[in-house]
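S.K.: Here the sequence shown is numbered in my numbering, starting from 39 and rising by one per residue.
All C-beta atoms in this analysis are idealised placements derived from N, C-alpha and C, irrespective of residue type, glycine included.
Values in this document were obtained by computation on a predicted structure and should not be read as measured data.
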Amino acid sequence: MPKTNLTEDPAVVHARHVLTPWVAQGNRRPPTIERGEGCYLYDDRGKRYLDFSSGLVAVNLGHGHAGLAQAIGEQAARLGYASPTFGNEKRAALAQAIAELGPWEGEGRIFFTTGGGEANEDAVKFARVLTGRHKVLTAYRSFHGSAPGAGTLTGENRRWPNDPGIPGVVRFFAPFPYRSPFFTRDPDEERVRAIAHLDEIVRYEGGDRIAALLIEPVVGSNGVIVPPPGYLAGLRALCDEFGIILILDEVMTGFGRTGAAFGAQRFDVVPDMITFAKGVTSAYAPLGGVLVRESLARTYDTKPLGTGHTYSGHPLAMAAALGAIAAYQEGGYFERGRLIEQWLRTKLGALKEKYALIGDVRGAGAFFALEFVADRERRTPLVAWQG
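Structural data, given as structure tokens:
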């Protein structure tokens with residue numbers, strides 16, 4: 039029988055047997071977290087930590103939510119697993135609930151995955167099949183996952199260990215008003231130049247060869263970069279012109295993070311697909327998915343779907359997500375994100391006025407970043423950008 043109670047320090051056993059993402063493994067002794075409550079985590083020595091990033095921008099409802107724990111426990115006692123080829127009431131109810139939150143007036147179908155990277159890979163697979171095209175556009179400052187496919191879709195340096203990756207991915211520069219790749223400090227001019235830049239790339243690559251454009255409505259782990267007004271609408275128009283499927287990666291921005299159910303509504307753009315994860319269960323169970331526009335999804339009424347996962351629509355994850363959505367709606371959390379935004383903008387703005395180290399404050403809803411600089415006038419990064 040495996041040992042459930044360790045006789046050694048858990049941190050020592052963890053270091054010996056667990057590979058930790060994104061870091062060198064030697065000489066690591068992170069805290070051993072035992073429990074969570076609200077916005078706090080507690081280690082095995084009772085020390086309290088402020089979870090300043092909501093886990094990995096995922097625990098939208100906070101730790102220790104009794105309703106979610108109860109929903110998962112009740113489902114585990116009733117049915118722990120059902121193959122995705124079977125029907126399941128919780129799965130059907132969740133798909134309907136997410137479709138009703140989406141931008142297509144309750145229409146749309148869901149393909150469930152276990153996380154955001156899988157969802158992005160499957161969305162691109164759908165787009166390639168549905169269009170018969172191969173190329174996919176993604177931004178340089180982006181993160182879409184770390185598996186071979188999603189790792190290639192990623193633009194920044196975390197894709198480098200995965201190079202050369204899957205073929206057909208074409209990258210572009212998206213707007214970044216604070217550090218413009220288009221040599222302007224005017225947000226409207228940034229929008230105009232960014233769309234013109236992408237338009238030129240589409241024409242050089244062949245618009246009739248591009249299956250999809252995949253983009254985060256707000257750039258997440260690469261700086262919480264909010265697009266200038268009208269940019270996403272400009273992408274929608276460009277995609278319409280060339281028959282390109284617009285996919286919004288809402289793994290971070292979905293489920294209230296920007297002050298709306300999805301960033302699509304916050305920034306007034308109607309995509310063809312939305313990928314999601316993280317906040318859908320408030321990270322209480324692994325779950326992701328692709329929300330597909332009905333006009334595209336019905337293609338699969340007569341064509342095999344061509345993808346699948348063992349844990350697609352897992353009953354425990356379905357129960358967690360239904361509990362999370364109920365909590366969001368009962369607490370008015372999507373709407374409260376706008377109030378949080380006002381508070382954060384005021385308080386963080388005051389910090390910027392006080393400390394020259396802070397070069398920029400930016401964000402939307404409950405999704406904000408401070409950019410630290412060595413020289414505010416020159417906007418010299420405190421830490422050099424690595425990719």
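With 16 other CB atoms within 10 Å as the buried threshold, where does G425 fall?
M.R.: Caution is warranted here: a pLDDT of 47 is assigned to G425, below 50, making its placement in the model unreliable, and the coordinate value is therefore given only provisionally. Exposed, because fewer than 16 other Cβ atoms sit within 10 Å of the Cβ of G425.
S.K.: Assign F90 to one of two classes, buried (16 or more other C-beta atoms within 10 Å of its C-beta) or exposed (fewer than that).
M.R.: Label assigned to F90: exposed.
S.K.: Suppose only complete runs of 4+ residues qualify. What are the alpha helix (DSSP H) ranges in the segment 173 to 228, listed by chain order?
M.R.: The qualifying runs are 186 to 191.
S.K.: So what's D246 in DSSP terms, helix, strand or just coil?
M.R.: It is helical.
S.K.: Excluding the 5 residues preceding and the 5 following Q63 in the sequence, name in chain order all residues of the same chain whose CB lies nearer than 8 Å to its CB.
M.R.: Only A53, L57 meet the Cβ criterion.
S.K.: In three-state DSSP terms, what is L334?
M.R.: Residue state, collapsed to three classes: helix.
S.K.: What does the Cβ neighbour count give for T340, buried or exposed, with the cut at 16 atoms within 10 Å?
M.R.: Label assigned to T340: exposed.
S.K.: Would the segment 197 to 211 and the segment 277 to 288 be scored as touching if the rule is three or more Cβ pairs under 8 Å?
M.R.: As far as the Cβ criterion goes, the segment 197 to 211 does not touch the segment 277 to 288, which means the pair count is below three.
S.K.: If you drop the 5 nearest sequence neighbours on each side, which residues of the same chain put their C-beta closer than 8 Å to that of G76?
M.R.: G100, H101, G102, listed in sequence order.
S.K.: Going by C-alpha distance, which of G272, D201, A135 is nearest E228?
M.R.: Nearest of G272, D201, A135 to E228, Cα basis: G272.
S.K.: Could you tell me the boundaries of the alpha helix (DSSP H) in which L106 lies?
M.R.: Here the alpha helix (DSSP H) through L106 covers 104 to 116.
S.K.: Can you give me the C-alpha to C-alpha distance between L106 and R414, rounded to a whole angstrom?
M.R.: Taking the straight line from one Cα to the other gives about 44 Å.
S.K.: Pick helix, strand or coil for V399, following the three-state DSSP scheme.
M.R.: Strand, per DSSP.
S.K.: Among the residues of its own chain, which have a CB less than 7 Å from the CB of A359, if the five just before and after it don't count?
M.R.: L132, V318, T319, L325.
S.K.: Under the three-state reduction of DSSP, which class applies to E368: helix, strand or coil?
M.R.: Looking at E368 - three-state DSSP - the assignment turns out to be helix.
S.K.: Sorted by chain position, which residues of the same chain lie with C-beta nearer than 6 Å to A120's C-beta, five sequence neighbours on each side aside?
M.R.: Excluding positions up to five away in sequence, the list reads N126, P353.
S.K.: DSSP state of T151, grouped into three classes?
M.R.: Strand.
S.K.: Specify the secondary structure class of N51 as computed by DSSP and reduced to three states.
M.R.: Inspection of the sequence shows that residue 51 is occupied by Val rather than by Asn. Helix, per DSSP.
S.K.: Does the count of Cβ pairs from the segment 134 to 145 and the segment 298 to 315 closer than 8 Å reach three?
M.R.: Yes: at least three Cβ pairs fall under 8 Å.
S.K.: For a minimum of 4 consecutive residues, which ranges assigned as the alpha helix (DSSP H) are wholly contained in the segment 66 to 98?
M.R.: Listed in chain order, they are 92 to 95.
S.K.: Taking DSSP as the reference, what is the three-state secondary structure of G425?
M.R.: Residue placement at G425 cannot be trusted, given a pLDDT of 47 that sits under 50; what the coordinates show is reported in the next sentence. Correct three-state label for G425: coil.
S.K.: Taking the alpha-carbon positions, what's the C277 to N200 distance?
M.R.: Distance between the alpha carbons of C277 and N200 is about 28 Å.
S.K.: Counting only the same chain and skipping the five closest in sequence on each side, list residues whose C-beta sits under 6 Å from that of I233.
M.R.: Result list for I233: G272, in chain order.
S.K.: Where does P353 sit, in a helix, a strand or coil, going by DSSP?
M.R.: Helix.
S.K.: When the Cβ atoms of the segment 379 to 399 are set against those of the segment 243 to 260, are three or more pairs found closer than 8 Å?
M.R.: Counting Cβ pairs under 8 Å, fewer than three are found: no touch.
S.K.: From what residue to what residue does the beta strand (DSSP E) around I285 run?
M.R.: Run containing I285: 283 to 287, per the beta strand (DSSP E) assignment.
S.K.: What does P419 pair with, by DSSP beta-bridge criteria?
M.R.: Looking at the DSSP assignment, P419 forms a beta bridge with V411.
S.K.: Which term fits R7, buried or exposed, when burial requires 16 or more other beta carbons within 10 angstroms of its beta carbon?
M.R.: Within the shown structure, residues of the chain are numbered from 39 to 425, placing residue 7 beyond reach of any answer.
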